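Participant: Sharing a structure below in structure tokens format, with a few things to ask.
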Amino acid sequence: MTTFRAKGIVPETEPWFLSILGDVGAPSARKLADGADLLITLGIGFSKLTGVPEDVPLIQVDVDPEKLGKGPEGVMLYGNCRYVLPKLLERIRGRDDPAALRQIGALKEEWDRQRDGEADAAAVPLRPPYIMKVLSETLPDDAVISVDVGENCWWFGRNFRMKRQRMVMSGYLATMGFGFPAAIAAKLAYPERTAVCITGDGGFSMAMADLVTAVKYDLPMVVVVLNNRQLAMIQVEQMMEEYPNFGTDLLNPDFVEYAEACGAAGIRVDTPEALGPAIGEAVRMNVPVVVDVETDPRRF
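Position one of the sequence shown corresponds to residue 1 (the UniProt record's numbering), numbered consecutively onward.
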């Protein structure tokens, strides 16, 4: 298991990997963690959203001494995971447990069936679980994916199935508008890899002026905008606190026309069957592309 911020550090296709632990992960991951004999954490922040169980024996490894002891009580091990992990693996390797592997395999299949059931391929506007399923199946394995803050991030964590892509997100500050500039940075850092930004209309609107920067410096990338015309995460938080809905409806420009006005390409997707071909085309175009996806604002 990983935390949300570490999503992708282990491919989800690995037989021993189950899910993210926390609110966006599989319910079975929580059960597995709660029933563990021992948890070894490697450089995690012990977010409330992760919810590391407090009554399971714990070994905490961290290179930052100020982080040690911030989680549940346990054994604190100060060190760099690069050096500590091989030493731990020496003690673990050779302990085959076919029954545990079968259990994890069954839980993975259960989690995949649940997510597949959420991905309604007929719904219009498009449902976020379906969008993430198609992106999982379509984006290149070498992609660097920047995820903006908002509902899009929640759905990505839950329904996108990482292979060998790398993910960047604003994990601590949760700053809206992070996604698109991060994709520009990813393309500059890894020019040979596909840069992808997954964002909402609210987050993209905060940083879309940078599209001319991507065009000016010839930085090919794919920007997938989940356009639900709402600040949906804020709306959910207001609802959870029993506040009236206020200030969450958005009046958006035409993102396709805006992209074209900047010298980039724009593709509008308003039917489920158009999404996969649109993403494939955007990856092949080798220019900055905004894919504007008509998205259902309902969480469930």
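Beta carbons: idealized from backbone N, C-alpha and C, even for Gly.
Predicted model only: the values in this text are computed from it and were never measured.
Taking the continuous alpha helix (DSSP H) assigned at residue 290, which residues delimit it?
Facilitator: Run containing residue 290: none in the alpha helix (DSSP H); it sits in the beta strand (DSSP E), 288 to 294.
Participant: What does the Cβ neighbour count give for residue 292, buried or exposed, with the cut at 16 atoms within 10 Å?
Facilitator: buried
Participant: Does DSSP put residue 235 in a helix, a strand or coil?
Facilitator: helix
Participant: Smallest Cα separation from residue 45: which of 60, 36, 123, 34?
Facilitator: Of the candidates 60, 36, 123, 34, the one whose C-alpha sits nearest the C-alpha of residue 45 is 60.
Participant: Whole angstroms are fine: how far does the CA of residue 283 sit from the CA of residue 276?
Facilitator: 11 Å
Participant: For residue 238, which residues of its own chain have a beta-carbon under 8 Å away from its beta-carbon, when the five flanking residues on both sides are left out?
Facilitator: 244, 245, 246, 248
Participant: On the three-state DSSP scale, how would you describe residue 122?
Facilitator: Coil, per DSSP.
Participant: Return the Cβ separation of residue 256 and residue 135 in integer angstroms, given the expectation that the two are a contact with Cβ distance under 8 Å.
Facilitator: Taking the Cβ atoms as the reference, residue 256 lies roughly 19 Å from residue 135, outside the contact range of under 8 Å.
Participant: Spatial neighbours of residue 8 within its chain, please: CB distance less than 7 Å, with the 5 preceding and 5 following residues excluded, ordered by chain position.
Facilitator: 162, 165, 166, 167
Participant: Can you tell me where the beta strand (DSSP E) holding residue 130 begins and where it ends?
Facilitator: Per DSSP, residue 130 belongs to no beta strand (DSSP E); it is in the alpha helix (DSSP H), 128 to 138.
Participant: By a C-beta neighbour count over all protein chains shown, 10 Å radius and 16 as the cutoff for buried, is residue 130 buried or exposed?
Facilitator: Buried, since its Cβ has 16 or more Cβ neighbours within 10 Å.
Participant: Excluding sequence positions up to five away, which residues of its chain have a Cβ less than 6 Å from the Cβ of residue 258?
Facilitator: Cβ-Cβ distances below 6 Å link residue 258 to nothing in the same chain once the five nearest sequence neighbours on each side are left out.
Participant: May I ask which residues mark the beginning and end of the beta strand (DSSP E) holding residue 268?
Facilitator: 265 to 269
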